[in-house]
Each structure stands twice: as C-alpha cells, then as structure tokens.
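Here is the structure we will look at.
Number of protein chains: 2
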Amino acid sequence: MPAPVPPLDPAELGAYFSLIEVSSLLRHTVEQQLKDAGGLSYVQFQLLATLGDAPDGSLRMTDLADGVVYSRSGLTYQVGLLERDGLVVRAPSTEDERSTTVALTDAGRDVLGRVFPGHVEVLRQLFLEPLSADDVHALADVLGRVRDHMRTVPPRSARPRPKRG
Amino acid sequence: MPAPVPPLDPAELGAYFSLIEVSSLLRHTVEQQLKDAGGLSYVQFQLLATLGDAPDGSLRMTDLADGVVYSRSGLTYQVGLLERDGLVVRAPSTEDERSTTVALTDAGRDVLGRVFPGHVEVLRQLFLEPLSADDVHALADVLGRVRDHMRTVPPRSARPRPKRG
DNA sequence: TATTGTTATACTCTATAACTATA
DNA sequence: TATAGTTATAGAGTATAACAATA
C-alpha cells in the first residue's frame, strides 16, 4: 500500500489551479503581443528587461540567467539570438576572464521601449483590471513570500531516467 | 512627445514579477516530478486530470482543450501521445459524428494515481509551505477573480480559425 | 457555410554531454 | 578541481495551413 497523502483542501486547490491558469493565459497573451510588437519571445523580453534594470545595462551571463532560464545552454542560445539581432553585445569580462559580459545596445533599448507600452496594456486589461489596490498588494505580498521561499529551496537534484516501459 | 503610458506602480510590478517567477519555477519543478514519476508532460497530466474530473471520464476533444492547449493541432498531438501509451482511447462521438470522444483508460487512471502523491508533495513543499490559511484563501480569491475575468475576455475554445483564401 | 478534428510541415525551444578556458 | 560559457545534437512541443467529413 502506498502511504496515504492528505489531500489538498479546496482553497489550496483553488489557489493552485487559478495560479496555473492565470499565469499560463497571461504568458500566452503577452507572448503574442511581444512577438507582434517587437519580434521578441517572452524569454528574450525578460533578458532584455533584466539588462535594462541593471545599473549599467550589462550583466554576466550567470547573473542574467536568474529566474529566467534553467540551463546554461538555453541561455547561450537565447543571448545568441539577441546578439544576432543586434540587441545585445557580448564581451569577455575584464575581472574574471572566464566570464562573459552581456550589454544592452541602443537598438536593444529601442526595442524594449517599443514593446513596453503594449506589454503594460496587456497586463492592465487582462490581469490587473479586476483587482483593487488592496488585492494587488495582497498578491504582491503573498506571491513575493512564495518566491522568496522558492529561491531558498535547493533545486531538486534530479538524475533523469526518463524512459518508461 | 508621444503620450507616455502611465507606469505600473511598485505593487503592480511586484505582483506581476512574482506571479511569473513563482508559476514558472513551480511548473518547471512539477514537470520534472511528473516526468520522473509517470513519464508525463505537464500538459498530458492536465489532460488526464481533466478527464479524471469529468463525470464519466470522457470528454469531447474541444471541451478537453479548454484552458490547457491553445491550438487544435496541439491537442491532437498530445492526445495522440496519450493514446499511443494506452492512457486514453478515442472514439467517434455518437451524438455528433464530427466529434471525437476521449476516454480515460484504467491504465490512465493508474498513472494518474501513481503520479498524484508526488505532485501534491511538490506543491506543499515549494508553493504552500510559507503560506498561512489566510494567505491561501486570499490567493484563491484574488487569482480566482482574475481567472474569471480572463475567461470573459477572449473566448478561447471558440477562437475563430483563419479563413480559407 | 461553419464546425470538428487530423495531418504535413516548419519552426522554436530546451536539455544533456562533451568541450575549452580560466580560477 | 571547480566554475563560466559554448557547441553539438537530439527530442519535445507548437502553430499555421491545408485537408476531409459532418452539421
């Protein structure tokens, strides 16, 4: 007999299902807008936006990956696309010659600026519209705590054995 | 100067960024668990779970798509994989011969049961752990309202198909 | 004509492992 | 030895459009 797992209560299920459906549809819609407005995937937008928030518009590859991408090769791939399109440039780091520094170009900032109004528009219409200021604060507070918790939990050391018989 | 878009306030940004990061990491972790435990992708799990919740364990393709998949061909692909593995069966609908009915098999229920405890475990450890009962209720309430709002905005499964030209 | 589902195809994205180079 | 990043490659997933069949 498998050990019985206490079931989730209705509120827990509701929170989970709503989270998944909301984030999935929001991401899908935003992805369309970003592609239409600037030819960006969502990951590419996240990378550009992360660089845009950095003090000097540049970051090391590893720091850029944070929370956006789950493998180094995936990051290399996405940054490669951005560089191909002239939105970022890569250069060896002067401090640690193993590192690569990624910097936003003017063209990258332009694309970010061109894409941003529509992005905010989608967020307002689809996500924020039915929420009061209190709702938004509650969401930011609760989800912020979950995010902080997730960041402290060490990633599952999953040794993939994917084949099933 | 073009009329600027009023920026999002810090709470709005915080709610949005936390939502994206939390849902992304949660989904990624759950995806690994589902793959390890039952060889399922997240979409496949959602489809099986949706069928499992249906009164007789079967649904029409179109009804199955709701909230899970964004194109008809994507649904056909995923259901094809599930059928190949014996987890569902497809049969022509008796009421409307254009329709296909998808039914969960015993093997499909088994996989669902085998995968579920670990799924709940991940949700508890990664998502629910730092939250009080009040937090969970607040999340379910607020995100539930957003989900309801999103459902009213675009009619997803009835999305118009491109015209033939 | 509109709807339901499938197929063909092309494309995007991701992940593992092997590799180079530096610390 | 450990870390930073790249590359090769393979596979999973997705979307568009054309298609057939039924309403």
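These protein sequence lines are chains A and B, in that order. The numbering of the first sequence is UniProt numbering, which starts it at 1 and goes up by one. The numbering of the second sequence is UniProt numbering, which starts it at 1 and goes up by one. All residues carry an ideal CB built from backbone N, CA and C; glycine is no exception.
Note that the C-beta distance between S93/B and T101/B is below 8 Å.
Look at P130/B here: in three-state DSSP terms it is coil, with no helix or strand label.
Counting along the chain, L59/A sits inside the beta strand (DSSP E) bounded by residues 58 to 60.
Rounded to the nearest angstrom, the gap between the Cα atoms of R60/A and Q44/A is 16 Å. Rounded to the nearest angstrom, the gap between the Cα atoms of R27/A and P7/B is 19 Å.
Chain order gives the chain A residues near G14/B as A140, G144, where near means a beta carbon separation below 7 Å.
Annotated three-state conformation of P4/A is coil, per DSSP. In this chain, the beta strand (DSSP E) harbouring V89/B covers 88 to 92.
Per the coordinates, the alpha-carbon of M150/A lies some 31 Å from the alpha-carbon of V89/A. Proximity of chain A to E31/B at the Cβ level (cut-off 7 Å) is not reached, the minimal Cβ distance being about 10 Å.
Counting only the Cα atoms, G144/A lies some 27 Å from Q78/A. Between V22/A and V146/B a beta carbon distance of about 5 Å is seen, short of the 8 Å cut, so the two are scored as contacting. Around A11/B, the beta-carbon contacts reaching into chain A at under 9 Å are A133, V136, H137, L139, A140, D141.
For A103/A, the enclosing beta strand (DSSP E) covers residues 100 to 104. With contacts defined as CB atoms closer than 8 Å, G74/A and A107/A fail to qualify as a contacting pair. The residues Y42, H119, V122, in chain order, have a CB closer than 7 Å to that of V30/A in the same chain once the five nearest residues on each side in sequence are set aside.
Taking the CA atoms as reference points, L126/A sits about 39 Å from P4/A. With respect to chain B, the C-beta atom of Y70/A has a partner C-beta closer than 8 Å.
Taking a 10 Å sphere around the C-beta of D9/A, we find fewer than 16 other C-beta atoms and assign the residue as exposed.
Assignment of D9/A by DSSP, reduced to helix, strand and coil, places it in the coil class. For F45/B, the closest Cβ of chain A is not nearer than 8 Å. Contact check for L40/A against V111/A passes: the beta carbons are separated by less than 8 Å. When C-beta distances to chain B are compared with 8 Å, every residue of the stretch 75 to 91 of chain A stays at or above that value. The contact set of M150/A on chain B, defined by CB atoms closer than 7 Å, consists of V22, L25, L126 in chain order.
Inclusion of V136/B and A15/A in the CB contact set at 8 Å is warranted, their separation being smaller than that value. With a beta-carbon spacing of about 6 Å, A37/A and R114/A fall inside the 8 Å limit used to define contacts. Pairing S18/A with A65/B gives a Cβ-Cβ distance that is not under 8 Å. No Cβ-Cβ contact shorter than 8 Å links S58/B with L47/B.
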